[in-house]
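K.L.:
Each number in our numbering comes from the position in the sequence shown (counting from 1) with 412 added on. Sharing a structure with you now.
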Amino acid sequence: MKVVMRGISRGELSGTTLITGFRGFGMVGYMASKHLALALEARKIGYILVDLMPPFIAVEEDGLGYPFDIYYSDKAKSTIIVNRALPEREFIDYYTRSLARWASKIGFNYAILLGGLSRDFKPPNDPHGYRWLYNRHYKGPILEAPLLEIGLGVMGPLASLYMYLDYEEVPSIMILPYSMVEGVDYDASLLAVKIVSRKLLEVDVRLAELETLARTQKAEVERMISMIEREERESKGIFM
Numbered sequence: 413m414k415v416v417m418r419g420i421s422r423g424e425l426s427g428t429t430l431i432t433g434f435r436g437f438g439m440v441g442y443m444a445s446k447h448l449a450l451a452l453e454a455r456k457i458g459y460i461l462v463d464l465m466p467p468f469i470a471v472e473e474d475g476l477g478y479p480f481d482i483y484y485s486d487k488a489k490s491t492i493i494v495n496r497a498l499p500e501r502e503f504i505d506y507y508t509r510s511l512a513r514w515a516s517k518i519g520f521n522y523a524i525l526l527g528g529l530s531r532d533f534k535p536p537n538d539p540h541g542y543r544w545l546y547n548r549h550y551k552g553p554i555l556e557a558p559l560l561e562i563g564l565g566v567m568g569p570l571a572s573l574y575m576y577l578d579y580e581e582v583p584s585i586m587i588l589p590y591s592m593v594e595g596v597d598y599d600a601s602l603l604a605v606k607i608v609s610r611k612l613l614e615v616d617v618r619l620a621e622l623e624t625l626a627r628t629q630k631a632e633v634e635r636m637i638s639m640i641e642r643e644e645r646e647s648k649g650i651f652m
């Protein structure tokens, strides 16, 4: 894995908060990271290269989006990694392990991992809409919702990254809004944005504008995700 940064030094990222997620249930990890980058007025500062890069680029609000882009918000002192795709299956473990090692070397304040939790597990009349967990190194804000209940778990690259961050002694918290399993769950993604911005980073963001943008982009986002998933299944190029 190679981290390419433009116009900013590694030292400038030290002490900032790392935010990232993946395309899991409801696409919450990806969508919330993407929306936070917009809401926090973050600028693209680089990207990540891996073996067998997913062969696609996407035109977005701030220009071309690559599979693994890095953004920086001076407003929130945050570094956001937007994972638009997943590495090839055989490289996911290497990617998450390398990402955790890089995070340790940077010296982030702590890491915020975003994902979705199936709505099937949501208790009746639950007022919070999410669950969370944190590792032994985390000393940041404590949230109001209960921690993830005994018997429930997390799978995939988010779980791998959490484990490797713990091994690298990077303080980490995971936010898991209840989400639909299939499709793009905008409500769950926006809830994650609210939790991160208000409860953890304590910054004001224009959520009404963000929600409107999310709704208007729904068709485009779902079409792009469908194309990426088809490419991952077929292992053939989809863009020219």
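For glycine and all other residues, C-beta sits at the position ideal for the given N, C-alpha and C.
Which parts of the segment 441 to 468 are runs of the beta strand (DSSP E), unbroken and 3 residues or longer, counting only runs that do not cross its ends?
P.N.:
Whole beta strand (DSSP E) segments, 3+ residues: 455 to 461.
K.L.:
So, helix, strand or coil for residue 481, using DSSP?
P.N.:
In the sequence shown, the residue the question calls residue 481 occupies position 69. Here residue 481 sits in strand by DSSP.
K.L.:
Below 8 Å between beta carbons: does that hold for residue 484 and residue 457?
P.N.:
As a working mapping, residue 484 is identified with position 72 in the sequence shown. As a working mapping, residue 457 is identified with position 45 in the sequence shown. Yes; because the gap between Cβ atoms is below 8 Å, this pair is in contact.
K.L.:
Can you tell which of 472, 486, 469, 494 has the C-alpha that lies nearest to the C-alpha of residue 480?
P.N.:
Within the sequence shown, residue 480 is the residue found at index 68, counting from 1. Comparing Cα positions, the closest option is 494.
K.L.:
Enumerated in chain order, which unbroken segments of the alpha helix (DSSP H) with a length of 4 residues or greater are wholly contained in the segment 499 to 525?
P.N.:
Runs of the alpha helix (DSSP H) inside the segment 499 to 525: 504 to 518.
K.L.:
So, for residue 435: in the same chain, excluding its five sequence neighbours on each side, which residues have a beta-carbon less than 6 Å away from its beta-carbon?
P.N.:
The residue given as residue 435 occupies position 23 in the sequence shown. Excluding positions up to five away in sequence, the list reads 442.
K.L.:
Pull up the DSSP beta-bridge partners for residue 542, would you.
P.N.:
One-based indexing of the sequence shown puts residue 542 at position 130. In the DSSP output, where bridge partners are listed per residue, residue 542 has 589.
K.L.:
With a threshold of 8 Å on Cβ separation, who are the neighbours of residue 648 within its own chain once the five nearest residues in sequence on each side are excluded?
P.N.:
Here the question's residue 648 lines up with position 236 in the sequence shown. Its pLDDT being 45, under 50, residue 648 is placed unreliably in this model, and the coordinates cannot settle the point.
K.L.:
Rounded to the nearest angstrom, what separates residue 533 and residue 588 at their Cα positions?
P.N.:
What you label residue 533 is simply residue 121 of the sequence shown in a count that begins at 1. What you label residue 588 is simply residue 176 of the sequence shown in a count that begins at 1. Near 12 Å, if we compare the C-alpha coordinates of residue 588 and residue 533.
K.L.:
Going by DSSP, name the residue or residues bridged to residue 537.
P.N.:
Your numbering for residue 537 matches position 125 in the sequence shown. Note: residue 537 sits in no beta bridge, so no partner.
K.L.:
How about residue 569 and residue 508: are their beta carbons less than 8 Å apart?
P.N.:
On the sequence shown, position 157 is the one that residue 569 refers to. On the sequence shown, position 96 is the one that residue 508 refers to. Yes.
K.L.:
Secondary structure at residue 608, three-state DSSP: helix, strand or coil?
P.N.:
Along the sequence shown, read from residue 1 onward, the residue named residue 608 stands at position 196. In this structure, residue 608 counts as helix in the three-state DSSP scheme.
K.L.:
Skipping 5 residues on each side, what residues in its chain have a beta carbon closer than 6 Å to that of residue 578?
P.N.:
Against the sequence shown, residue 578 aligns to sequence position 166. For residue 578, where only same-chain residues beyond five positions count, the Cβ hits under 6 Å are 547.
K.L.:
Would you say residue 438 and residue 595 are within 8 Å of each other, going by their C-beta atoms?
P.N.:
In the sequence shown, counting from the first residue as 1, residue 438 sits at position 26. In the sequence shown, counting from the first residue as 1, residue 595 sits at position 183. Yes.
K.L.:
Span of the alpha helix (DSSP H) holding residue 424?
P.N.:
If you number the sequence shown from 1, residue 424 lands on position 12. Segment 422 to 425, the alpha helix (DSSP H) holding residue 424.
K.L.:
Assuming residue 430 is part of the alpha helix (DSSP H), what are its boundary residues?
P.N.:
As a position in the sequence shown, residue 430 is number 18, starting the count at 1. Element bounds for residue 430: not the alpha helix (DSSP H) but the beta strand (DSSP E), 429 to 433.
K.L.:
Please work out which residues of its chain come closer than 7 Å, Cβ to Cβ, to residue 518, disregarding the five sequence neighbours upstream and downstream, and give them in chain order.
P.N.:
Taking the first residue of the sequence shown as 1, we reach residue 518 at position 106. So the list reads 422, 425, 426, once near-sequence residues are dropped.
K.L.:
Count the other C-beta atoms from every protein chain shown that fall within 10 angstroms of the C-beta of residue 567, then say buried if there are 16 or more, exposed otherwise.
P.N.:
Counted from its first residue, the sequence shown places residue 567 at position 155. Counting Cβ neighbours within 10 Å, residue 567 comes out exposed, since fewer than 16 surround it.
K.L.:
Spatial neighbours of residue 505 within its chain, please: C-beta separation below 8 Å, excluding the five flanking residues on both sides.
P.N.:
The sequence position of residue 505 within the sequence shown is 93, counting from 1. The residues are 572.
K.L.:
Give me the DSSP bridge partner(s) of residue 595.
P.N.:
Here residue 595 refers to the residue found at position 183 when the sequence shown is read from its first residue. In the DSSP output, where bridge partners are listed per residue, residue 595 has none listed.
K.L.:
From the DSSP output, in three-state form, read off residue 565 for me.
P.N.:
Sequence index remark: in the sequence shown, residue 565 carries index 153 (1-based). Coil.
K.L.:
Span of the beta strand (DSSP E) holding residue 495?
P.N.:
To locate residue 495, count along the sequence shown from 1; it is residue 83. First-last of the beta strand (DSSP E) with residue 495: 490 to 495.
K.L.:
Is the segment 595 to 614 touching the segment 519 to 526, taking contact as three or more C-beta pairs under 8 Å?
P.N.:
Yes, since at least three Cβ pairs between the segment 595 to 614 and the segment 519 to 526 fall closer than 8 Å, the two stretches touch.
K.L.:
Could you pull out every residue in the same chain whose Cβ sits closer than 8 Å to the Cβ of residue 417, ignoring the five residues on either side in sequence?
P.N.:
The count along the sequence shown starts at 1 and reaches residue 417 at position 5. Contacts found: 457, 458, 482.
K.L.:
Label residue 515 either buried or exposed according to how many other C-beta atoms from any shown protein chain fall within 10 Å of its C-beta, with 16 as the threshold for buried.
P.N.:
Translated into positions along the sequence shown, residue 515 becomes position 103. Buried, since its Cβ has 16 or more Cβ neighbours within 10 Å.
K.L.:
Among 613, 635, 599, 614, which one has its Cα closest to the Cα of residue 620?
P.N.:
Along the sequence shown, read from residue 1 onward, the residue named residue 620 stands at position 208. Considering only alpha carbons, the answer is 599.
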